[in-house]
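Chemist: Quick one: this structure, given as structure tokens, is what I'll be asking you about.
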Amino acid sequence: MPQTGAPGRKALEDLRSQRWFASDDIRGFAHRQRTQQMGMRREEFMGRPVIAILNTWSEISPCHAHLRDRAEAVRRGVWQAGGYPIELPALSVGEVMVKPTTMLYRNFLAMETEELLRSHPVDACVLLGGCDKSTPGLLMGAFSMNLPTIFCPAGPMLNGRWRGQTTGAGTHTKRYWDKLQTGEITSDDWVDLESAMTRSNGTCNTMGTASTMTSIVDAMGLTKTGASSIPAADSGHPRLASWCGARAVEMAWEDLKPSDILDADSLSNGLAVYMALGGSTNAAVHLPAMAGRLGLSITLDDMADRATRIPVLANLFPSGDRLMEDFYFAGGLPALMKKLGDHILPHARTVEGRSIGDAIAGAACYDDDVIRDIDNPVVPLSRGRALIVLRGNLAPDGAVMKTSAANPDKLSHRGPALVFDGPGDMFARINDPDLDVTPDTVLVLRGAGPVGGPGMPEWGNLPIPRKLLKAGVRDMVRICDGRMSGTHYGTCILHVSPEAAVGGPLALLRTGDDVVLDAEAGRIDMDVPEEEIAARRAAWTPAPSPYTRSFTALFQRHVAQAHLGCDFDFLGGTDPVPEPPIY
Ligand code: FES
Ligand code: MG
Numbered sequence: 001m002p003q004t005g006a007p008g009r010k011a012l013e014d015l016r017s018q019r020w021f022a023s024d025d026i027r028g029f030a031h032r033q034r035t036q037q038m039g040m041r042r043e044e045f046m047g048r049p050v051i052a053i054l055n056t057w058s059e060i061s062p063c064h065a066h067l068r069d070r071a072e073a074v075r076r077g078v079w080q081a082g083g084y085p086i087e088l089p090a091l092s093v094g095e096v097m098v099k100p101t102t103m104l105y106r107n108f109l110a111m112e113t114e115e116l117l118r119s120h121p122v123d124a125c126v127l128l129g130g131c132d133k134s135t136p137g138l139l140m141g142a143f144s145m146n147l148p149t150i151f152c153p154a155g156p157m158l159n160g161r162w163r164g165q166t167t168g169a170g171t172h173t174k175r176y177w178d179k180l181q182t183g184e185i186t187s188d189d190w191v192d193l194e195s196a197m198t199r200s201n202g203t204c205n206t207m208g209t210a211s212t213m214t215s216i217v218d219a220m221g222l223t224k225t226g227a228s229s230i231p232a233a234d235s236g237h238p239r240l241a242s243w244c245g246a247r248a249v250e251m252a253w254e255d256l257k258p259s260d261i262l263d264a265d266s267l268s269n270g271l272a273v274y275m276a277l278g279g280s281t282n283a284a285v286h287l288p289a290m291a292g293r294l295g296l297s298i299t300l301d302d303m304a305d306r307a308t309r310i311p312v313l314a315n316l317f318p319s320g321d322r323l324m325e326d327f328y329f330a331g332g333l334p335a336l337m338k339k340l341g342d343h344i345l346p347h348a349r350t351v352e353g354r355s356i357g358d359a360i361a362g363a364a365c366y367d368d369d370v371i372r373d374i375d376n377p378v379v380p381l382s383r384g385r386a387l388i389v390l391r392g393n394l395a396p397d398g399a400v401m402k403t404s405a406a407n408p409d410k411l412s413h414r415g416p417a418l419v420f421d422g423p424g425d426m427f428a429r430i431n432d433p434d435l436d437v438t439p440d441t442v443l444v445l446r447g448a449g450p451v452g453g454p455g456m457p458e459w460g461n462l463p464i465p466r467k468l469l470k471a472g473v474r475d476m477v478r479i480c481d482g483r484m485s486g487t488h489y490g491t492c493i494l495h496v497s498p499e500a501a502v503g504g505p506l507a508l509l510r511t512g513d514d515v516v517l518d519a520e521a522g523r524i525d526m527d528v529p530e531e532e533i534a535a536r537r538a539a540w541t542p543a544p545s546p547y548t549r550s551f552t553a554l555f556q557r558h559v560a561q562a563h564l565g566c567d568f569d570f571l572g573g574t575d576p577v578p579e580p581p582i583y
């Protein structure tokens with residue numbers, strides 16, 4: 001272990017943790033004393049980089065249930081490489097259980113990450129997470145703190161299968177729910193499915209938000225290249241965790257920080273992978289927020305523009321029909337990146353200390369159906385893309401749609417709106433046999449935005465009214481100022497900005513107004529005369545928020561709109577924050 005700085009390596013006295021442990025004053029004494037109180041010998045922590053293991057394990061997040069064990073593997077790697085590991089529990093934003101939505105807590109996790117790193121004697125960190133918002137939450141905080149950082153993705157769960165049929169998390173929950181409504185499966189089948197669809201720990205095995213985000217940050221160079229494809233239950237996963245621990249120690253000496261790794265090229269590689277995966281629309285919220293923490297920019301148009309040039313190559317639900325375990329065996333992310341050719345900028349750096357070009361140089365694809373060649377995509381660009389942006393008098397600042405998982409026949413559509421104010425109103429009425437609705441109706445749910453939800457919940461995949469489901473209808477045009485699970489599909493216009501709760505034009509739409517969607521032209525409009533819209537606007541008043549205190553009140557006061565990424569107005573940018581005084 002170097003005690004003085006070799007070229008490119010920090011000297012021991014320059015490690016951040018030395019401010020806590022090295023001083024001979026009463027504070028330094030207390031820090032060493034309290035560490036020994038935990039049973040550590042002086043030799044076990046003195047003179048070593050301190051590596052924080054930020055663990056989003058919890059007993060109610062199945063996607064992260066194995067991370068308690070993985071922290072042990074990270075610890076092993078840290079000790080082996082000469083560091084001192086400290087595990088710091090962080091908020092576990094597990095999808096499905098957390099209400100109203102984990103998105104309400106993404107910024108909270110980002111703040112917690114940044115402050116855990118700032119307030120403790122940390123030289124480098126390994127971030128353990130992967131379920132949807134945990135990836136952007138952890139990384140936004142780590143970018144802002146800018147200590148050497150490795151992301152260790154939780155890994156996808158194993159493939160699911162039920163009575164010989166492939167079942168993917170999220171996607172098939174929805175599909176079988178619709179079949180239950182129409183009597184195609186029984187309630188006994190439905191109970192049986194509960195135990196069949198999710199076979200192991202790990203994140204959703206479809207190309208939902210989890211694998212979208214872990215793959216994007218993998219492509220950006222923030223983990224061992226290809227790590228995001230390793231299934232959670234594979235023995236390669238604890239080996240990955242151990243590697244992350246060992247590498248974090250090296251990165252502490254090298255002082256290799258996110259700002260040294262991430263640049264416009266790495267973000268560009270992340271976008272290329274996002275589109276080739278047919279990734280979740282949720283990424284369109286997280287990426288602008290993540291870029292904002294780096295002092296860089298990713299706009300809706302940057303993303304949609306990339307989607308015009310890169311078709312969906314990964315044959316994964318919901319755009320395709322395979323699962324993440326298949327993707328792993330096919331060669332995983334490195335194979336996909338190799339097939340992207342010139343769309344990947346090879347000089348971008350990675351935490352491994354080598355370029356992404358070097359990291360994928362030896363990659364090969366072992367199943368050309370799962371990872372398609374660029375001239376044989378899952379969805380040709382003429383039929384659908386991972387992301388399009390729509391604007392018009394309903395969404396002046398933009399709305400998004402994933403046309404690769406939508407019905408091509410619905411992409412040019414005119415129909416009367418059926419407006420629901422919040423999910424309570426929707427569920428009270430949607431299955432009413434007397435509901436005035438036809439397959440051409442445009443279903444609208446508002447009050448689901450960042451302020452209105454609050455937290456922009458995944459309510460945008462509005463259910464098809466039961467009477468239409470029974471008549472064979474499987475897709476309708478739907479509009480929402482909230483989000484949709486990345487595992488879902490359908491002609492859903494999402495993230496309408498500005499949202500209804502802050503007076504966006506969606507608030508002015510009325511049931512019966514004609515709505516016009518022209519996906520090709522990138523338009524979403526209500527066919528209502530200008531004067532009428534102006535009159536409705538003059539009469540509109542915001543509903544008072546029931547949240548006068550709590551984190552939600554802070555959230556509602558400071559959150560940015562969806563097209564900007566929903567970060568808080570006081571968290572973006574790269575203004576330096578003073579190190580904590582130690583007295
Ligand atoms: Fe955690 Fe899907 S619910 S990744
Ligand atoms: Mg999800």
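Numbering (UniProt numbering) for the sequence shown: 1 to 583.
Positions of the beta carbon are idealized from the N, C-alpha and C atoms, including for glycine.
Note that the coordinates shown come from a computational prediction; the quantities given were computed from them, not determined experimentally.
1. Since I believe G278 is in contact with S215 (beta carbons under 8 Å), could you give me their beta-carbon distance rounded to a whole number of angstroms?
2. Looking at the structure shown, is P89 part of a helix, part of a strand, or coil, going by DSSP?
3. Do C125 and L54 have their beta-carbon atoms positioned less than 8 Å apart in this structure?
4. Give the straight-line distance between the Cα atoms of M1 and G8, rounded to the nearest whole angstrom.
5. Check whether the Cβ atoms of L116 and L91 sit closer than 8 Å, and answer yes or no.
6. Start and end of the alpha helix (DSSP H) containing F555?
7. So is the beta-carbon of C152 under 7 Å away from any non-hydrogen atom of the ligand FES?
8. Does DSSP put residue 584 in a helix, in a strand, or in coil?
9. Tell me whether residue 667 counts as near the ligand FES, meaning its Cβ is closer than 7 Å to at least one heavy atom of that ligand.
10. Quick one: what's got a C-beta closer than 6 Å to L256's C-beta in the same chain, skipping five residues either side?
11. Does the ligand FES have even one heavy atom less than 7 Å from the beta-carbon of D132?
12. Determine which residues share a DSSP beta bridge with H413 and list them.
13. Consult DSSP for A538 and reduce its assignment to one of helix, strand or coil.
14. Checking the sheet assignment: what are the DSSP bridge partners for I53?
15. For G490, is the classification buried or exposed, using 16 other Cβ atoms within 10 angstroms of its Cβ as the cut-off for buried?
16. May I ask whether a heavy atom of the ligand FES can be found less than 7 Å away from the beta carbon of E59?
17. If you run the structure through DSSP and keep just helix, strand and coil, what is V378?
18. Pick out whichever of G353, F551, G503 has its Cα sitting closest to the Cα of I533.
19. Which same chain residues, not among the five before or five after G512, have their C-beta less than 6 Å away from its C-beta?
20. In whole angstroms, give me the CA-to-CA distance for K410 and S119.
21. Give every residue of the same chain whose Cβ lies closer than 6 Å to the Cβ of F317, excluding the five residues on either side of it in the sequence, and list them in chain order.
22. Among the residues of its own chain, which have a CB less than 6 Å from the CB of L294, if the five just before and after it don't count?
23. Is DSSP giving T438 helix, strand or coil here?
24. Excluding the 5 residues flanking residue 585 on each side, which residues of the same chain have their C-beta closer than 6 Å to its C-beta?
25. Taking C-alpha atoms, which residue in L445, D440, T441 lies nearest to A428?
26. Can you check the stretch 311–354 for any alpha helix (DSSP H) of at least 4 residues that lies completely inside it and give the ranges in chain order?
27. Identify which residue in N282, A538, I371 has its Cα closest to the Cα of R322.
28. Quick one, are the C-beta atoms of V473 and I464 less than 8 Å apart?
29. Are the CB atoms of L300 and V389 nearer to each other than 8 Å?
30. Can you confirm whether I150, when its beta carbon is compared against all beta carbons of chain C, has any partner nearer than 8 Å?
31. What did DSSP end up calling S266 once you bin it into helix, strand or coil?
32. Verify the contact flag: E95, CB atom, against every heavy atom of the ligand FES, threshold strictly below 7 Å.
33. Determine the DSSP secondary structure at L390, reduced to helix, strand or coil.
34. Between which two residues does the alpha helix (DSSP H) containing D69 stretch?
35. Does the distance from the C-beta atom of A232 to that of G129 stay below 8 Å?
36. Measuring only from the beta carbon, is A169 closer than 7 Å to any heavy atom that is part of the ligand FES?
Modeler: Inspection of the coordinates gives the following:
1. Contact annotation, S215 with G278: C-beta distance approximately 11 Å; criterion of less than 8 Å not satisfied.
2. Strand at P89.
3. Contact flag set, yes.
4. Model confidence at M1 stands at a pLDDT of 45, short of 50, so the residue's coordinates are unreliable and nothing is read from them.
5. Annotated as distal: L116 and L91, with beta-carbon spacing of 8 Å or more.
6. That run of the alpha helix (DSSP H) goes 551–558.
7. Incorrect: C152 has no Cβ contact closer than 7 Å to the ligand FES.
8. Outside the shown range of the chain (1 to 583) lies residue 584, about which nothing can therefore be said.
9. This structure cannot settle anything about residue 667, because the visible part of the chain is limited to 1 through 583.
10. Closer than 6 Å at Cβ, skipping near neighbours: P148.
11. Correct: D132 has its Cβ closer than 7 Å to the ligand FES.
12. Answer is L517, bridged to H413.
13. A538 falls in the helix class under three-state DSSP.
14. I53 is bridged to E87, V126.
15. A buried status is given to G490, since no fewer than 16 other beta-carbon atoms sit within 10 Å of its beta-carbon.
16. Not so, every heavy atom of the ligand FES lies at least 7 Å from the Cβ.
17. The answer is coil: DSSP assigns V378 none of H, G, I, E or B.
18. Restricting attention to G353, F551, G503, the CA atom closest to the CA of I533 is found in G503.
19. The answer, listed in chain order, is P416.
20. K410 and S119 have their C-alpha atoms some 52 Å from each other.
21. Cβ neighbours of F317 beyond the five flanking positions: G168, T171, T206.
22. These residues qualify, in order along the chain: F143, L262.
23. Secondary structure of T438 (DSSP, three-state): coil.
24. What is shown of the chain runs 1 to 583, which leaves residue 585 out entirely.
25. Of the candidates L445, D440, T441, the one whose C-alpha sits nearest the C-alpha of A428 is L445.
26. As far as the stretch 311–354 is concerned, its whole alpha helix (DSSP H) runs of at least 4 residues are 324–329, 332–339.
27. Checking every option, the nearest Cα to that of R322 belongs to I371.
28. In this structure, I464 lies closer than 8 Å to V473 by Cβ.
29. Yes, Cβ-Cβ distance for L300 and V389 is below 8 Å.
30. The chain labelled as chain C is not found in the depicted structure, where only one protein chain is given.
31. In the structure shown, S266 sits in a helix (DSSP, three-state: H, G or I).
32. The answer is yes for E95.
33. In the structure shown, the three-state DSSP call for L390 is strand.
34. Where D69 is concerned, the enclosing alpha helix (DSSP H) stretches over 67–80.
35. Cβ atoms of A232 and G129: not closer than 8 Å.
36. Short note on A169: C-beta closer than 7 Å to some heavy atom of the ligand FES.
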